[in-house]
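Quick note: the sequence shown uses our numbering, first residue 1012, plus one each step.
In what follows, a single structure is set out as structure tokens and then discussed.
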Amino acid sequence: MSVIAGPSDIAVNPARALVCRNCGAEYPLIAQNACYECFAPVEVGYDQAALRAVTRADIEAGPHNIWRYAPLLPTGQDPASRVTVNPGMTPLIKADALAAELGLRTLWVKDDSANPTHSFKDRVVSVALTAAKGLGFTRFACASTGNLANSVAAHGARAGVPSIVFIPYDLEQNKVVTSAVYQGQVIAIEGSYDDVNRLCQELTETDEFEETAFVNVNVRPYYAEGSKTLGYEVAEQLGWRLPQQVVIPMASGELLTKIDKAFSELVEIGLVDDTPWRVFGAQSAGCNPIAAALQAGTDQISPVKPTGIAKSLNIGDPAAGPYALEAVRRTGGWMDYVTDDEIRDGIQLLARTTGVFAETAGGVTVAVLKKLVEAGKLDRDAETVVYNTGEGLKTIDAVSTQVGPTHTVRPSLKAAREAGLLG
1012 MSVIAGPSDI
1022 AVNPARALVC
1032 RNCGAEYPLI
1042 AQNACYECFA
1052 PVEVGYDQAA
1062 LRAVTRADIE
1072 AGPHNIWRYA
1082 PLLPTGQDPA
1092 SRVTVNPGMT
1102 PLIKADALAA
1112 ELGLRTLWVK
1122 DDSANPTHSF
1132 KDRVVSVALT
1142 AAKGLGFTRF
1152 ACASTGNLAN
1162 SVAAHGARAG
1172 VPSIVFIPYD
1182 LEQNKVVTSA
1192 VYQGQVIAIE
1202 GSYDDVNRLC
1212 QELTETDEFE
1222 ETAFVNVNVR
1232 PYYAEGSKTL
1242 GYEVAEQLGW
1252 RLPQQVVIPM
1262 ASGELLTKID
1272 KAFSELVEIG
1282 LVDDTPWRVF
1292 GAQSAGCNPI
1302 AAALQAGTDQ
1312 ISPVKPTGIA
1322 KSLNIGDPAA
1332 GPYALEAVRR
1342 TGGWMDYVTD
1352 DEIRDGIQLL
1362 ARTTGVFAET
1372 AGGVTVAVLK
1382 KLVEAGKLDR
1392 DAETVVYNTG
1402 EGLKTIDAVS
1412 TQVGPTHTVR
1422 PSLKAAREAG
1432 LLG
């Protein structure tokens, strides 16, 4: 596999190396997700001078999708190199009715269900597979709780590249269909997501999968960087400033860490003022190892066997959990978790007050937002952004038994009047 290089006649690639998040060891920009010295995860390190050369005008002149941030990403500077469905620049919705109901002064919903496959995973997949193409991979793959499989299959279909996605056997049927419809391979594994992920780790070591890019395994450092665009966009959509509080769903914990990283980078390179922000994490009671560790005051994250309806967040052994703990503690935030009934209530609360139908992960985030406000953990007067990462139609079973027709009437004026529809 070849090292990624930014085309000099198009734009500078600011990525300089893969850097261990624990010991700081550096490696070339290849397909590698762990440090050879201490086995901790690696992430992309950047040339700070290259980042500081980027201006707001440079970004604003870019396309209306994540690639406007190409000068801040580790790949994709050449538009012809991109493997993408062009996600991003999703709505930032002023949620006044929800804010009033919860007792917050200013609240925004970042609605990433508006992406092409209706979740934030389109961002990370576009970045990961663009890097994978540059590294010479010829097949796309992933371990997934649903949304990631949808996105990898769609990217493969558009790029004309074979895909093979691995999912738990008991995944929501709507998410299975929205992967299988693209006609790539969909492999259901008789086990949990953690079992699926373990198998995919093993497959990357085989000769048969040598040319296969697993977006969240062997090219994970690039995948993770795609999440930063959710931080960049919110800052830009707020007029190039940072929100004071953000509430983010957690599965592996990586999304939370990368949004926090995006805010830090924007400050460091001078694109926004250095104003404080606090990061809050949201999990379900059925899979809450990161939040439980924070509330117990420990750095030790104990793996759990996931249960409950929020399957897109059901990662029982979260790889980025320690880094999520660090980000929340450093910024003065908090983490909490909610039951399945609270998740259903959160989905309906968001829908009723904003017109946004979220999947179960969004229900988790809104329910935790409510819980944090009631517990006094959030500042009611601080500007707050809550992230909805997926579309409710993917997890429709979560609320299908709770909502439906308010009336069933015969097709006549008399029947409508008898039902009270005329006042």
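In this text, a Cβ means the ideal position worked out from N, Cα and C, and glycines have one as well.
Remember, predicted model here, so these are calculated numbers, not experimental data.
Sequence-distant Cβ neighbours of residue 1065 in its own chain, meaning closer than 7 Å and more than five residues away, are 1082, 1083, 1280. For residue 1289, the beta-bridge partners assigned by DSSP are 1256.
Under DSSP, residue 1399 shares a beta bridge with 1122. Taking each of 1231, 1196, 1337, 1195 in turn and checking the Cα distance to residue 1212, the smallest one comes out for 1231. Counting the other CB atoms within 10 Å of its CB gives residue 1192 a total below 16, which places it among the exposed residues. Contact annotation, residue 1172 with residue 1226: C-beta distance approximately 12 Å; criterion of less than 8 Å not satisfied. If you draw a 10 Å sphere on the C-beta of residue 1034, you find fewer than 16 other C-beta atoms in it, and that means exposed. By a beta-carbon distance limit of 8 Å, residue 1271 contacts residue 1290. Their separation comes to about 5 Å.
The three-state reading of DSSP puts residue 1061 in helix, counting H, G and I together. Scanning 1176, 1355, 1135, 1223 for the CA closest to the CA of residue 1406 turns up 1355. With contacts defined by Cβ atoms closer than 9 Å, residue 1194 and residue 1168 form a contacting pair. The way I'd put it, the stretch 1124-1141 doesn't touch the stretch 1204-1211; fewer than three beta-carbon pairs between them come closer than 8 Å.
Here residue 1267 has 1259, 1261, 1290, 1292, 1335, 1338 as same chain residues with Cβ atoms under 7 Å from its own Cβ, once five neighbours each way along the sequence are excluded. The three-state reading of DSSP puts residue 1054 in strand, counting E and B together.
When C-alpha distances from residue 1153 are compared across 1147, 1025, 1410, 1166, the shortest belongs to 1166. Going by C-alpha positions, residue 1424 is about 10 Å away from residue 1430. The residues 1175, 1176, 1177, 1178, in chain order, have a CB closer than 8 Å to that of residue 1198 in the same chain once the five nearest residues on each side in sequence are set aside. Here residue 1189 has 1161 as same chain residues with Cβ atoms under 6 Å from its own Cβ, once five neighbours each way along the sequence are excluded. Per DSSP, residue 1174 is one residue of the beta strand (DSSP E) stretching across 1174-1179. Here residue 1280 carries a coil assignment [DSSP, helix/strand/coil]. Taking each of 1059, 1055, 1063, 1088 in turn and checking the Cα distance to residue 1024, the smallest one comes out for 1088.
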